Amino acid sequence: MDRILKEEADSQILKALMADTNITIEDALENEMVLNMGPQHPATHGVLRLLLRLDGETVMACVPELGYLHRGYEKMAENMSYLEFIPHTDRLDYTATMCNNVAYVLAVEKLAGIEAPKRAQYIRMLMAELSRIAGHLIAIGTFAMDVGAITVLMWAFREREKIQEFYDLVAGARFTTSYTRIGGVASDVTDEAISMIKAFIDKFDKAVDEMENILNTNRIFIDRLEGIGTLTKEDAIRYGVTGPSLRASGVQHDIRRANPYLFYDELDFDIPVHTEGDCLARYFIRIEEVRESAKIVKQIIGKMPKGEIIANNPKRVLPHKTEIYSKMEELIHDFMIVNFGMNPPAGDIYSAVENPKGELGFYIVSNGKGAPWKFKIRSPSFCNLQVLPLIVKGAMISDVVAIIGSLDPVMGEADK
Amino acid sequence: MEFKELIVEKIRSAFNGALSGVNEYRGDLSLTVDSGKIAAICKFLKEDSELNFNMCEDVTAIDQATHTNRFTLVYHIYSLENKFRLRLKTNIEAEMTDTVTGIWQSANWYEREVFDMYGIKFHNHPDLRRIYMPEEFEYHPLRKEFPVLGIPGSIPLPKK
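As given, the protein sequences belong to chains A and B, one line each in that order.
For what it's worth, our numbering labels the leading residue of the first sequence as 2, then goes sequentially.
For what it's worth, our numbering labels the leading residue of the second sequence as 270, then goes sequentially.
Okay, structure coming up:
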């Protein structure tokens with residue numbers, strides 16, 4: 002106090018400090034308290050900060066504060082070519098990198114009017130579904146850990162590790178894959194990789210059974226989630242919630258079915274729906290979606306067509322390296338695309354796909370130059386987090402952890 | 270009648286003259302409407318029993334970097350029943366427009382983001398604060414005049 006008086010005699014600070022000394026608490030039970038949860042808190046799944054107003058242990062109000070991981074991707078995208086942005090999509094939802102890669106190139110292809118060959122699209126679907134499994138496994142594992150079931154985290158990560166080996170085999174990186182290219186994919190999936198994925202998927206159902214058995218028969222797990230954080234159908238729609246959280250509230254909406262992209266209309270899969278809208282329903286949805294994704298992967302492997310993996314569109318799509326070194330025309334195109342961008346025609350598009358977290362949309366405005374004029378990421382985690390103050394109201398502090406886990410936000414995506 | 274035509278027809282008849290442009294590009298239907306009527310048109314699109322645009326997916330702005338009509342607001346709304354996405358665009362003259370938070374609750378944070386990134390204010394918004402940048406930050410980063418490297422000293426560091 003003396004130090005403050007001497008060195009920083011700011012009259013306002015001093016006044017505020019002096020005013021505090023007169024607080025008397027007459028009845029300790031009648032007082033509300035403000036608790037700062039995060040940004041450095043393991044249960045907030047990244048750098049989410051919540052300000053909670055508590056009465057005892059009951060949450061009276063909650064204000065989420067975002068921006069601790071804001072990197073300004075939308076600004077950066079306006080200053081780089083379309084091709085250069087692909088690695089940055091890995092860093093959005095870093096638990097399901099392939100899904101983001103696919104979503105981004107689909108948006109750019111829609112803008113430029115390119116269609117990737119059928120094999121490339123099937124490879125994209127295959128990797129996106131594997132990525133969805135990986136993303137959901139992390140969600141289930143960390144969610145179970147948040148409420149005290151640590152074993153499942155290890156099991157989920159063990160299975161995810163196998164999927165990352167496929168990434169390594171196919172894309173050359175375990176984590177930051179950057180696998181897709183505008184007009185196709187970076188490298189072909191070998192027969193060896195396909196047979197490995199097939200072997201994995203055949204055993205995968207058993208692994209999910211194990212996880213499900215240990216969780217669904219666990220009384221503590223069920224009791225901590227049932228009826229907690231209930232989100233009604235109306236509120237879910239009103240707050241623009243998408244993905245598993247929306248389907249857990251009884252809305253059968255999945256963009257893979259509603260507005261099919263890639264070749265999802267050729268595949269047979271169900272969209273799981275629950276009507277309870279609580280944390281337990283959101284967990285069930287994820288488990289069921291993992292099984293559906295495994296079903297899709299099996300079908301894709303069976304139907305995988307032969308052919309090219311990148312479109313033949315020399316003005317917009319990067320040619321293959323061997324051609325660049327041997328042919329003049331291709332060298333020129335490569336130089337132009339890398340240095341000046343691929344210049345899609347002026348216009349604006351919005352392209353949305355179903356990511357593990359919900360609807361990932363890109364709104365791109367092109368003015369015909371190499372870099373987008375406006376680039377907007379509609380990230381599902383950001384939109385889903387908005388409903389948090391509503392559903393934590395009236396819950397206990399320990400339930401807040403479960404509710405965040407069940408919404409499964411990834412801050413890399415929410416903060417952009 | 271096709272659904273796209275139905276939307277255009279209904280807005281034309283309900284708001285005489287407020288619809289200034291209909292554009293379809295790569296399958297996306299985009300309507301340009303009068304900025305003064307935006308809240309009323311949104312309310313109509315949500316409450317009409319046939320159209321039923323019950324979900325607001327995104328609100329964002331485009332900085333056109335021009336002297337007049339600098340900003341364009343862009344709304345993406347979705348009808349779960351009809352499985353249809355519509356884009357609404359409106360050019361605003363002043364850096365001020367009506368909020369649609371009262372119509373779709375989800376617009377709350379989207380509009381906060383637009384305010385943070387472009388400095389566009391929304392009338393009657395319940396909680397218009399910055400969402401990503403610190404409260405004391407003076408600039409709006411997605412405006413075209415803001416340099417991509419940032420402005421030195423714009424985020425204060427602790428004193429030595």
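Glycine included, every Cβ here is placed at the ideal spot set by N, Cα and C.
Remember, it's a predicted structure, so these values are computed and weren't measured experimentally.
Residues that alanine 353/A bridges to, as DSSP identifies them: Indexing the first sequence from 1 puts residue 353/A at position 352. Bridge partners of alanine 353/A: Gly362/A.
Tell me, please, whether the CB atom of proline 427/B is closer than 7 Å to any CB atom in chain A? Position 158 of the second sequence, counting from 1, holds the residue named residue 427/B. Look at proline 427/B: its C-beta is not under 7 Å from any C-beta on chain A.
Does chain B have any CB closer than 7 Å to the CB of isoleucine 350/A? Taking the first sequence and counting its residues from 1, the one referred to as residue 350/A is at position 349. The C-beta of isoleucine 350/A comes closer than 7 Å to at least one C-beta of chain B.
For isoleucine 400/B, would you say it is in contact with chain A, using Cβ-to-Cβ distances shorter than 7 Å as the test? The residue labelled residue 400/B in the question sits at position 131 within the second sequence. Isoleucine 400/B counts as touching chain A.
7 Å Cβ cutoff, asparagine 344/A in contact with chain B: In the first sequence, the residue the question calls residue 344/A occupies position 343. No, no contact with chain B.
Just curious, the beta strand (DSSP E) that histidine 345/B is in, first and last residue? Translated into positions along the second sequence, residue 345/B becomes position 76. Per DSSP, histidine 345/B is one residue of the beta strand (DSSP E) stretching across 340-348.
Using CA coordinates, which residue listed in Gly136/A, Gly413/A and Asp279/A is at the minimum distance from leucine 232/A? The count along the first sequence starts at 1 and reaches residue 232/A at position 231. Comparing alpha-carbon positions, the option among Gly136/A, Gly413/A and Asp279/A lying closest to leucine 232/A turns out to be Asp279/A.
Is there a C-beta anywhere in chain B that falls below 7 Å from the one on valine 274/A? Sequence index remark: in the first sequence, residue 274/A carries index 273 (1-based). Output row for valine 274/A: interface = no.
If the cut is a Cβ gap below 9 Å, which residues of chain B does valine 252/A touch? In the first sequence, counting from the first residue as 1, residue 252/A sits at position 251. Within chain B, the residues placing a beta-carbon under 9 Å from that of valine 252/A are Leu349, ordered along the chain.
Report the rounded CA-to-CA distance for leucine 138/A versus alanine 157/A, giving the unit in angstroms. Here residue 138/A refers to the residue found at position 137 when the first sequence is read from its first residue. Here residue 157/A refers to the residue found at position 156 when the first sequence is read from its first residue. Answer to the nearest angstrom: the Cα atoms are 5 Å apart.
Using a Cβ cut-off of 7 Å (strictly closer), state whether arginine 379/A contacts chain B. On the first sequence, residue 379/A is found 378 positions in, with the first residue counted as 1. Interface residue, yes.
What's the gap between the Cα of valine 153/A and the Cα of asparagine 313/A? Counting from 1 along the first sequence, the entry for residue 153/A is found at position 152. Counting from 1 along the first sequence, the entry for residue 313/A is found at position 312. Rounded to the nearest angstrom, the two C-alpha atoms are 46 Å apart.
Looking at the unbroken alpha helix (DSSP H) that takes in alanine 129/A, where does it start and where does it end? As a working note, residue 129/A is residue 128 in the first sequence. Per DSSP, alanine 129/A is one residue of the alpha helix (DSSP H) stretching across 119-147.
In terms of residues, what are the limits of the alpha helix (DSSP H) holding histidine 334/A? Within the first sequence, the letter at position 333 stands for residue 334/A. Annotation for histidine 334/A: the continuous alpha helix (DSSP H) segment containing it runs 329-341.
Lysine 234/B and alanine 282/A closer than 7 Å at C-beta: Since the first residue shown for chain B is 270 and the last is 429, residue 234/B is missing from the structure and cannot be characterised.
Can you check whether the C-beta of aspartate 317/B is within less than 7 Å of a C-beta belonging to chain A? As a first step, residue 317/B must be located in the second sequence, where it is residue number 48. No, no contact with chain A.
Uninterrupted alpha helix (DSSP H) stretches inside the stretch 270-323 of chain B (no shorter than 4 residues): Runs of alpha helix (DSSP H) with 4 or more residues, each lying fully within the stretch 270-323 of chain B, are found at 272-283 and 307-316, listed in chain order.
Mapping the DSSP letters down to three states, classify isoleucine 183/A as helix, strand or coil. For the purposes of this step, residue 183/A is taken as the residue at position 182 of the first sequence. Coil at isoleucine 183/A, not helix or strand.
When Tyr364/A, Arg317/A and Val393/A are compared against leucine 52/A, the one with the closest alpha-carbon: The sequence position of residue 52/A within the first sequence is 51, counting from 1. Ranking the options by Cα distance to leucine 52/A, first place goes to Val393/A.
Starting from proline 390/A, trace the alpha helix (DSSP H) in both directions and tell me its first and last residue. Walking along the first sequence from the start, residue 390/A turns up at place 389. Counting along the chain, the alpha helix (DSSP H) containing proline 390/A begins and ends at 389-393.
Do you know offhand how far arginine 379/A's Cα is from glycine 241/A's? What you label residue 379/A is simply residue 378 of the first sequence in a count that begins at 1. What you label residue 241/A is simply residue 240 of the first sequence in a count that begins at 1. Arginine 379/A and glycine 241/A: Cα-Cα distance of roughly 11 Å.
Grouping DSSP H, G and I as helix and E and B as strand, with all else coil, what is proline 65/A? Here residue 65/A refers to the residue found at position 64 when the first sequence is read from its first residue. Strand, per DSSP.
Any beta carbon from chain A within less than 7 Å of lysine 312/B's own beta carbon? Indexing the second sequence from 1 puts residue 312/B at position 43. Interface residue (Cβ-Cβ distance to chain A less than 7 Å): lysine 312/B is not classified as such.
So is asparagine 80/A in contact with chain B if we call contact Cβ pairs under 7 Å? Your numbering for residue 80/A matches position 79 in the first sequence. With 7 Å as the cut-off, asparagine 80/A counts as an interface residue toward chain B.
Pairs of beta-carbons, one from the stretch 103-112 of chain A and one from the stretch 363-378 of chain A, closer than 8 Å: are there three or more? With the cut-off at 8 Å, the stretch 103-112 of chain A and the stretch 363-378 of chain A touch.
Quick check on histidine 42/A - is its C-beta less than 7 Å from some C-beta in chain B? To locate residue 42/A, count along the first sequence from 1; it is residue 41. Taking Cβ atoms only, chain B never reaches closer than 7 Å to histidine 42/A, which makes this a no.
Enumerate in chain order the residues of its own chain whose CB-to-CB distance from arginine 292/A is below 8 Å, with the five nearest sequence positions on each side excluded. Here the question's residue 292/A lines up with position 291 in the first sequence. Shown here for arginine 292/A: same chain residues with a beta carbon closer than 8 Å to its own, the five before and five after excluded, namely Asp206 and Val209 in chain order.
Element boundaries [alpha helix (DSSP H), containing aspartate 210/A]: As a first step, residue 210/A is located in the first sequence; it is residue number 209 there, counting from the start. Unbroken alpha helix (DSSP H) run through aspartate 210/A: 192-217.
Report all residues from its chain with a CB closer than 7 Å to the CB of histidine 394/B; omit the five preceding and five following residues, and keep chain order. For the purposes of this step, residue 394/B is identified with residue 125 of the second sequence, where counting begins at 1. Taking C-beta separations shorter than 7 Å and ignoring five residues to either side along the sequence, the partners of histidine 394/B in its chain run Thr368, Thr370 and Glu380, following chain order.
Which bits of chain B does tyrosine 240/A rub up against, with CB to CB less than 9 Å? What you label residue 240/A is simply residue 239 of the first sequence in a count that begins at 1. Within chain B, the residues Trp373, Gln374, Ser375 and Asn377 have their CB atoms less than 9 Å from the CB of tyrosine 240/A, given in chain order.
In terms of DSSP beta bridges, what is methionine 365/B paired with? On the second sequence, position 96 is the one that residue 365/B refers to. Residue pairing of methionine 365/B in beta bridges, as defined by DSSP: Lys390/B.
Taking the alpha carbon of glycine 39/A as the reference point, which residue from Val402/A, Ser407/A and Ala415/A has its own alpha carbon closest? As a working note, residue 39/A is residue 38 in the first sequence. Nearest of Val402/A, Ser407/A and Ala415/A to glycine 39/A, Cα basis: Val402/A.
What are the start and end residues of each continuous alpha helix (DSSP H) run of 4 or more residues lying completely inside the stretch 218-270 of chain A, in chain order? Counting whole runs of 4 or more residues, the stretch 218-270 of chain A contains the alpha helix (DSSP H) stretches 220-226, 234-239, 245-249 and 256-259.
Taking C-alpha atoms, which residue in Glu405/B, Leu426/B and Leu342/B lies nearest to isoleucine 389/B? Here residue 389/B refers to the residue found at position 120 of the second sequence. Of the residues Glu405/B, Leu426/B and Leu342/B, the one whose Cα lies closest to the Cα of isoleucine 389/B is Leu342/B.
Pull up the distance between the alpha-carbon of tyrosine 262/A and that of isoleucine 350/A, whole angstroms please. In the first sequence, the residue the question calls residue 262/A occupies position 261. In the first sequence, the residue the question calls residue 350/A occupies position 349. Their Cα atoms are separated by approximately 15 Å.
Distance between serine 282/B and leucine 93/A (C-alpha atoms, nearest Å): Numbered from its first residue, the first sequence carries residue 93/A at position 92. Numbered from its first residue, the second sequence carries residue 282/B at position 13. Computed Cα separation, rounded: 43 Å.
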